[in-house]
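Residue numbers (this note's numbering): 42 to 379.
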(Lines of atoms letter the chains of each structure in order from A and count residues from 1; the text may use other names and numbers.)
(Lines give C-alpha, C1' and ligand atoms only; values in the text may rest on other atoms or scores of the structure.)
Protein backbone atom coordinates (compact mmCIF):
# COMPACT_ATOMS: atom_id res chain seq x y z
CA UNK A 1 0.00 0.00 0.00
CA UNK A 2 1.38 3.41 -0.91
CA UNK A 3 2.15 5.48 2.15
CA UNK A 4 3.52 8.68 0.71
CA UNK A 5 1.39 9.46 -2.33
CA UNK A 6 -2.12 8.74 -3.46
CA UNK A 7 -2.48 6.65 -6.62
CA UNK A 8 -3.65 9.70 -8.57
CA UNK A 9 -0.75 11.84 -7.39
CA UNK A 10 1.68 9.01 -8.09
CA UNK A 11 0.34 8.63 -11.62
CA UNK A 12 0.63 12.36 -12.32
CA UNK A 13 4.16 12.59 -10.95
CA UNK A 14 5.30 9.51 -12.83
CA UNK A 15 3.64 10.62 -16.05
CA UNK A 16 5.25 14.02 -15.84
CA UNK A 17 8.71 12.82 -14.90
CA UNK A 18 9.15 9.40 -16.53
CA UNK A 19 10.06 10.79 -19.97
CA UNK A 20 12.79 12.86 -18.30
CA UNK A 21 14.47 10.09 -16.32
CA UNK A 22 17.22 10.36 -18.91
CA UNK A 23 17.19 13.87 -20.30
CA UNK A 24 18.01 14.34 -23.94
CA UNK A 25 20.77 16.86 -24.69
CA UNK A 26 19.48 20.29 -25.68
CA UNK A 27 21.65 22.38 -27.98
CA UNK A 28 21.22 25.95 -26.75
CA UNK A 29 23.94 28.57 -27.09
CA UNK A 30 24.28 32.34 -26.85
CA UNK A 31 24.80 34.31 -29.01
CA UNK A 32 23.14 32.54 -31.92
CA UNK A 33 25.07 31.56 -35.06
CA UNK A 34 26.82 32.85 -37.06
CA UNK A 35 28.37 34.59 -34.03
CA UNK A 36 30.81 32.54 -32.00
CA UNK A 37 28.96 30.93 -29.06
CA UNK A 38 30.03 32.05 -25.59
CA UNK A 39 27.39 30.51 -23.31
CA UNK A 40 26.06 26.96 -23.55
CA UNK A 41 23.05 25.49 -21.75
CA UNK A 42 23.86 22.32 -19.77
CA UNK A 43 20.95 21.22 -17.56
CA UNK A 44 18.27 22.17 -15.03
CA UNK A 45 17.62 20.69 -11.57
CA UNK A 46 14.21 20.84 -9.84
CA UNK A 47 14.89 18.59 -6.84
CA UNK A 48 15.43 14.92 -6.10
CA UNK A 49 13.73 13.96 -9.37
CA UNK A 50 16.70 15.35 -11.29
CA UNK A 51 19.41 14.48 -8.76
CA UNK A 52 19.03 10.81 -7.96
CA UNK A 53 19.92 8.16 -10.51
CA UNK A 54 17.23 6.45 -12.58
CA UNK A 55 17.06 3.29 -10.46
CA UNK A 56 16.97 5.31 -7.27
CA UNK A 57 14.14 7.47 -8.64
CA UNK A 58 12.00 4.40 -9.37
CA UNK A 59 12.67 3.21 -5.82
CA UNK A 60 11.63 6.64 -4.54
CA UNK A 61 8.31 6.48 -6.37
CA UNK A 62 7.41 2.99 -5.21
CA UNK A 63 9.37 2.75 -1.98
CA UNK A 64 9.62 4.48 1.36
CA UNK A 65 11.64 7.54 0.36
CA UNK A 66 10.02 10.90 -0.31
CA UNK A 67 10.34 13.18 -3.31
CA UNK A 68 12.01 16.48 -2.41
CA UNK A 69 11.54 19.62 -4.49
CA UNK A 70 12.72 23.19 -4.09
CA UNK A 71 10.38 25.42 -2.11
CA UNK A 72 11.84 28.92 -2.36
CA UNK A 73 15.45 28.65 -3.54
CA UNK A 74 17.68 31.70 -3.65
CA UNK A 75 21.46 31.40 -3.16
CA UNK A 76 23.99 29.02 -4.68
CA UNK A 77 27.64 28.12 -4.36
CA UNK A 78 29.87 25.17 -5.31
CA UNK A 79 32.79 23.75 -3.35
CA UNK A 80 36.02 22.26 -4.68
CA UNK A 81 34.50 18.76 -4.65
CA UNK A 82 31.77 20.00 -7.03
CA UNK A 83 29.08 19.79 -4.37
CA UNK A 84 26.36 22.34 -5.05
CA UNK A 85 24.75 24.25 -2.16
CA UNK A 86 21.30 25.79 -2.69
CA UNK A 87 19.64 27.85 0.03
CA UNK A 88 15.95 27.07 0.34
CA UNK A 89 13.14 27.67 2.81
CA UNK A 90 14.15 25.99 6.11
CA UNK A 91 17.20 24.15 4.69
CA UNK A 92 20.28 24.23 2.54
CA UNK A 93 20.58 21.58 -0.16
CA UNK A 94 23.91 19.80 -0.57
CA UNK A 95 23.89 18.22 -4.03
CA UNK A 96 26.39 15.85 -5.64
CA UNK A 97 25.27 15.40 -9.23
CA UNK A 98 28.12 13.04 -10.08
CA UNK A 99 27.05 10.57 -7.40
CA UNK A 100 23.33 11.31 -7.75
CA UNK A 101 23.04 12.12 -4.06
CA UNK A 102 21.78 14.98 -1.90
CA UNK A 103 21.39 15.93 1.75
CA UNK A 104 20.47 18.99 3.82
CA UNK A 105 22.26 21.44 6.10
CA UNK A 106 20.45 23.30 8.87
CA UNK A 107 17.24 21.31 8.62
CA UNK A 108 17.47 19.51 11.97
CA UNK A 109 16.26 21.02 15.28
CA UNK A 110 18.89 22.60 17.50
CA UNK A 111 21.81 24.95 17.06
CA UNK A 112 22.33 25.74 13.40
CA UNK A 113 18.78 25.19 12.25
CA UNK A 114 17.95 27.73 9.55
CA UNK A 115 14.66 29.51 8.88
CA UNK A 116 15.20 31.58 5.77
CA UNK A 117 18.75 31.08 4.46
CA UNK A 118 19.73 33.28 1.52
CA UNK A 119 23.49 33.67 1.14
CA UNK A 120 25.91 30.73 1.06
CA UNK A 121 29.64 30.31 0.52
CA UNK A 122 32.13 27.46 0.94
CA UNK A 123 35.81 27.64 1.93
CA UNK A 124 38.52 25.28 0.66
CA UNK A 125 38.83 23.55 4.06
CA UNK A 126 35.23 22.32 4.01
CA UNK A 127 33.49 25.05 5.98
CA UNK A 128 30.13 26.30 4.72
CA UNK A 129 28.85 29.77 5.63
CA UNK A 130 25.10 30.42 5.52
CA UNK A 131 23.36 33.78 5.97
CA UNK A 132 19.85 33.55 7.46
CA UNK A 133 17.76 36.71 6.94
CA UNK A 134 15.06 35.65 9.41
CA UNK A 135 17.46 35.02 12.29
CA UNK A 136 19.89 37.78 11.21
CA UNK A 137 22.81 35.40 11.74
CA UNK A 138 25.57 33.81 9.71
CA UNK A 139 26.10 30.13 10.58
CA UNK A 140 29.34 28.25 10.02
CA UNK A 141 29.10 24.50 9.33
CA UNK A 142 31.76 21.82 9.15
CA UNK A 143 31.05 18.16 8.35
CA UNK A 144 27.33 18.90 8.38
CA UNK A 145 27.26 20.45 11.85
CA UNK A 146 27.10 24.07 13.02
CA UNK A 147 30.45 24.95 14.61
CA UNK A 148 30.35 28.74 14.90
CA UNK A 149 28.40 31.96 14.41
CA UNK A 150 29.84 34.93 12.57
CA UNK A 151 29.56 38.34 14.18
CA UNK A 152 28.08 39.42 17.49
CA UNK A 153 24.44 39.05 18.51
CA UNK A 154 22.50 41.88 16.90
CA UNK A 155 25.34 42.83 14.55
CA UNK A 156 23.41 41.95 11.39
CA UNK A 157 20.04 43.25 10.29
CA UNK A 158 19.62 41.27 7.07
CA UNK A 159 22.75 39.34 6.04
CA UNK A 160 22.10 38.44 2.42
CA UNK A 161 25.29 37.37 0.66
CA UNK A 162 28.74 35.99 1.50
CA UNK A 163 32.03 35.93 -0.41
CA UNK A 164 35.33 34.34 0.70
CA UNK A 165 38.82 35.57 -0.16
CA UNK A 166 41.08 32.60 0.60
CA UNK A 167 44.28 34.42 -0.34
CA UNK A 168 43.70 37.32 2.05
CA UNK A 169 41.85 35.16 4.61
CA UNK A 170 38.73 37.27 4.58
CA UNK A 171 34.97 36.79 4.69
CA UNK A 172 32.73 39.48 3.19
CA UNK A 173 29.08 39.70 4.29
CA UNK A 174 26.55 41.99 2.65
CA UNK A 175 24.07 43.30 5.24
CA UNK A 176 21.18 44.68 3.19
CA UNK A 177 19.19 46.54 5.83
CA UNK A 178 22.34 47.98 7.42
CA UNK A 179 23.48 49.12 3.95
CA UNK A 180 27.06 47.97 4.56
CA UNK A 181 29.55 45.21 3.78
CA UNK A 182 31.19 43.71 6.88
CA UNK A 183 34.61 42.08 6.57
CA UNK A 184 35.84 39.32 8.91
CA UNK A 185 38.94 37.20 9.39
CA UNK A 186 38.51 33.75 7.85
CA UNK A 187 40.50 32.07 10.63
CA UNK A 188 39.26 33.54 13.92
CA UNK A 189 36.11 35.37 12.68
CA UNK A 190 37.23 38.69 14.15
CA UNK A 191 35.89 41.78 12.45
CA UNK A 192 38.33 43.62 10.20
CA UNK A 193 36.33 46.56 8.85
CA UNK A 194 33.04 47.85 7.48
CA UNK A 195 32.65 49.16 3.95
CA UNK A 196 30.08 51.79 3.05
CA UNK A 197 27.03 53.40 4.61
CA UNK A 198 23.54 54.25 3.40
CA UNK A 199 23.33 56.77 0.61
CA UNK A 200 23.35 57.37 -3.12
CA UNK A 201 26.85 58.78 -3.59
CA UNK A 202 29.70 56.65 -4.90
CA UNK A 203 30.88 54.25 -2.20
CA UNK A 204 27.50 54.36 -0.44
CA UNK A 205 24.80 51.68 -0.61
CA UNK A 206 21.04 51.38 -0.77
CA UNK A 207 20.17 47.77 0.07
CA UNK A 208 23.24 45.87 -1.18
CA UNK A 209 22.11 42.32 -1.85
CA UNK A 210 24.77 40.17 -3.52
CA UNK A 211 28.56 40.18 -3.72
CA UNK A 212 31.38 38.41 -5.59
CA UNK A 213 35.17 38.56 -5.84
CA UNK A 214 37.30 38.53 -8.98
CA UNK A 215 40.79 37.07 -9.47
CA UNK A 216 42.43 40.27 -8.19
CA UNK A 217 40.46 40.25 -4.95
CA UNK A 218 38.24 43.14 -6.06
CA UNK A 219 34.86 43.06 -4.32
CA UNK A 220 31.84 43.53 -6.59
CA UNK A 221 28.65 44.64 -4.84
CA UNK A 222 25.15 44.60 -6.30
CA UNK A 223 23.87 47.93 -4.97
CA UNK A 224 20.28 46.98 -5.69
CA UNK A 225 18.50 50.12 -4.48
CA UNK A 226 20.89 52.31 -6.47
CA UNK A 227 20.63 50.09 -9.58
CA UNK A 228 24.38 49.72 -10.03
CA UNK A 229 27.45 47.61 -9.38
CA UNK A 230 30.18 49.03 -7.14
CA UNK A 231 33.73 47.66 -7.09
CA UNK A 232 36.14 47.96 -4.13
CA UNK A 233 39.76 47.00 -3.57
CA UNK A 234 40.81 44.79 -0.61
CA UNK A 235 41.34 47.91 1.54
CA UNK A 236 37.74 48.99 0.97
CA UNK A 237 38.53 51.79 -1.46
CA UNK A 238 36.11 52.39 -4.31
CA UNK A 239 37.56 51.40 -7.69
CA UNK A 240 34.64 51.97 -10.04
CA UNK A 241 30.87 51.86 -10.44
CA UNK A 242 28.74 50.98 -13.44
CA UNK A 243 25.07 50.68 -14.29
CA UNK A 244 21.96 52.75 -13.76
CA UNK A 245 18.21 52.26 -13.67
CA UNK A 246 16.65 51.56 -17.07
CA UNK A 247 14.94 49.05 -19.31
CA UNK A 248 17.57 48.59 -22.02
CA UNK A 249 20.61 46.28 -22.08
CA UNK A 250 23.37 47.51 -19.80
CA UNK A 251 20.96 49.05 -17.29
CA UNK A 252 19.24 47.46 -14.27
CA UNK A 253 15.77 47.28 -12.78
CA UNK A 254 16.01 44.52 -10.14
CA UNK A 255 19.66 43.37 -10.03
CA UNK A 256 20.28 40.40 -7.75
CA UNK A 257 22.82 37.61 -8.15
CA UNK A 258 26.37 38.23 -9.34
CA UNK A 259 29.25 35.99 -10.39
CA UNK A 260 32.66 36.37 -12.04
CA UNK A 261 34.28 33.90 -14.46
CA UNK A 262 37.95 32.96 -14.85
CA UNK A 263 38.52 35.86 -17.26
CA UNK A 264 36.98 38.34 -14.80
CA UNK A 265 33.83 38.89 -16.85
CA UNK A 266 30.97 39.96 -14.57
CA UNK A 267 27.55 38.26 -14.70
CA UNK A 268 24.55 40.06 -13.16
CA UNK A 269 21.06 38.62 -12.75
CA UNK A 270 18.14 40.98 -13.22
CA UNK A 271 14.88 39.61 -11.82
CA UNK A 272 12.80 42.10 -13.83
CA UNK A 273 14.47 41.40 -17.18
CA UNK A 274 14.66 37.70 -16.19
CA UNK A 275 18.05 37.42 -17.81
CA UNK A 276 21.76 37.48 -17.06
CA UNK A 277 23.83 40.37 -18.39
CA UNK A 278 27.57 39.92 -18.91
CA UNK A 279 30.04 42.80 -18.57
CA UNK A 280 33.81 42.95 -18.93
CA UNK A 281 35.85 43.86 -15.85
CA UNK A 282 35.60 47.54 -16.74
CA UNK A 283 31.79 47.37 -16.66
CA UNK A 284 31.15 47.43 -20.41
CA UNK A 285 28.23 45.26 -21.59
CA UNK A 286 29.28 42.25 -23.66
CA UNK A 287 26.04 40.27 -24.08
CA UNK A 288 23.11 38.76 -22.20
CA UNK A 289 21.31 35.42 -22.11
CA UNK A 290 18.05 34.04 -20.77
CA UNK A 291 14.65 35.70 -20.93
CA UNK A 292 11.25 35.05 -19.30
CA UNK A 293 9.74 31.57 -19.50
CA UNK A 294 9.81 28.01 -18.22
CA UNK A 295 11.70 26.26 -20.99
CA UNK A 296 15.39 25.33 -20.70
CA UNK A 297 17.49 28.45 -21.03
CA UNK A 298 14.60 30.69 -19.97
CA UNK A 299 14.38 32.17 -16.47
CA UNK A 300 11.54 32.67 -14.02
CA UNK A 301 12.33 35.25 -11.31
CA UNK A 302 16.08 34.49 -11.23
CA UNK A 303 17.89 35.24 -7.98
CA UNK A 304 21.27 33.79 -6.99
CA UNK A 305 24.15 33.14 -9.39
CA UNK A 306 27.54 31.47 -8.95
CA UNK A 307 30.39 30.54 -11.31
CA UNK A 308 32.64 27.62 -10.29
CA UNK A 309 36.30 26.88 -11.00
CA UNK A 310 35.38 25.24 -14.32
CA UNK A 311 33.39 28.29 -15.48
CA UNK A 312 30.06 26.54 -15.02
CA UNK A 313 27.34 29.08 -14.35
CA UNK A 314 24.57 28.25 -11.84
CA UNK A 315 21.41 30.39 -11.87
CA UNK A 316 18.67 29.89 -9.27
CA UNK A 317 15.05 30.62 -10.23
CA UNK A 318 12.48 31.28 -7.54
CA UNK A 319 9.39 31.24 -9.76
CA UNK A 320 10.38 28.08 -11.64
CA UNK A 321 11.69 26.51 -8.41
CA UNK A 322 14.88 25.16 -9.95
CA UNK A 323 18.42 26.05 -10.88
CA UNK A 324 19.99 25.88 -14.30
CA UNK A 325 23.57 25.16 -15.27
CA UNK A 326 25.32 26.90 -18.16
CA UNK A 327 28.90 26.80 -19.42
CA UNK A 328 31.07 29.78 -20.26
CA UNK A 329 32.95 28.71 -23.38
CA UNK A 330 36.03 30.82 -22.77
CA UNK A 331 39.75 30.15 -22.87
CA UNK A 332 39.71 27.59 -20.05
CA UNK A 333 36.89 25.61 -21.67
CA UNK A 334 38.54 25.67 -25.10
CA UNK A 335 41.84 24.42 -23.66
CA UNK A 336 40.02 21.57 -21.98
CA UNK A 337 38.41 20.54 -25.29
CA UNK A 338 41.79 20.09 -27.02
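Every residue, glycine too, gets a C-beta built ideally from N, C-alpha and C. Since the structure is predicted, the reported quantities are computational estimates derived from the model, not experimental observations.
In this structure, residue 315 and residue 343 form a Cβ contact; the two beta carbons are roughly 6 Å apart against a cut-off of 8 Å. In the DSSP assignment, residue 376 falls within the unbroken alpha helix (DSSP H) covering 372-378. The C-alpha of residue 335 lies about 13 Å from the C-alpha of residue 84.
In this model, residue 260 and residue 203 are separated by some 11 Å (Cα to Cα).
Counting along the chain, residue 90 sits inside the alpha helix (DSSP H) bounded by residues 89-92.
Out of 287, 306, 284 and 312, the CA that lies nearest to the CA of residue 297 is found in 312. Around the Cβ of residue 217, a 10 Å sphere holds 16 or more other Cβ atoms; the residue is buried.
Bridge pairing for residue 251: 263 [DSSP]. With the rule of 3 Cβ pairs closer than 8 Å, the stretch 344-356 counts as touching the stretch 114-121.
Two segments are said to touch when three or more pairs of C-beta atoms, one from each, lie closer than 8 Å; by this definition the stretch 321-333 does not touch the stretch 231-243. When DSSP reads this structure, residue 78 sits in no beta bridge, so it has no partner.
If you look at residue 292, you'll find it isn't in any beta strand (DSSP E); DSSP assigns it neither H nor E. Of all alpha-carbon atoms in 140, 166, 177 and 136, the one lying nearest the alpha-carbon of residue 153 is that of 177. Taking residue 194 as reference, the option from 180, 206, 187 and 323 with the minimal CA-CA separation is 180. About 5 Å separates the beta carbons of residue 212 and residue 227, which is inside the 8 Å limit, making them a contact pair. Considered as a whole, the stretch 302-349 harbours 307-311, 316-320, 326-331 and 343-348 as its complete beta strand (DSSP E) runs of no fewer than 3 residues, in chain order. Looking from the CA of residue 223, the closest CA among 140, 201 and 132 belongs to 201.
A direct Cα-to-Cα measurement between residue 138 and residue 366 gives close to 12 Å. Contact between residue 215 and residue 252 holds, with the beta-carbon distance rounding to 5 Å and staying under 8 Å. Beta-bridge annotation (DSSP): residue 174 is not paired with any residue.
Close CB contacts of residue 247 within its chain, under the 8 Å cut and outside five residues either way in sequence, are with 220, 239, 240, 241, 264, 265, 266 and 267 (chain order). Closest in C-alpha terms to residue 187, from the list 155, 164 and 210, comes 155. Its Cα nearest to that of residue 363, the residue 341 stands out among 341, 379 and 309. A straight-line Cα-Cα distance of about 43 Å links residue 92 and residue 278. Inter-residue distance for residue 307 and residue 149 is about 36 Å (C-alpha atoms, whole angstroms). Apart from sequence neighbours up to five positions away, the residues of its chain that approach residue 322 with a beta-carbon distance below 6 Å are 305, ordered along the chain. Going by C-alpha positions, residue 71 is about 20 Å away from residue 345. Beta-carbon to beta-carbon, residue 275 and residue 168 are separated by about 21 Å, too far to satisfy the 8 Å threshold.
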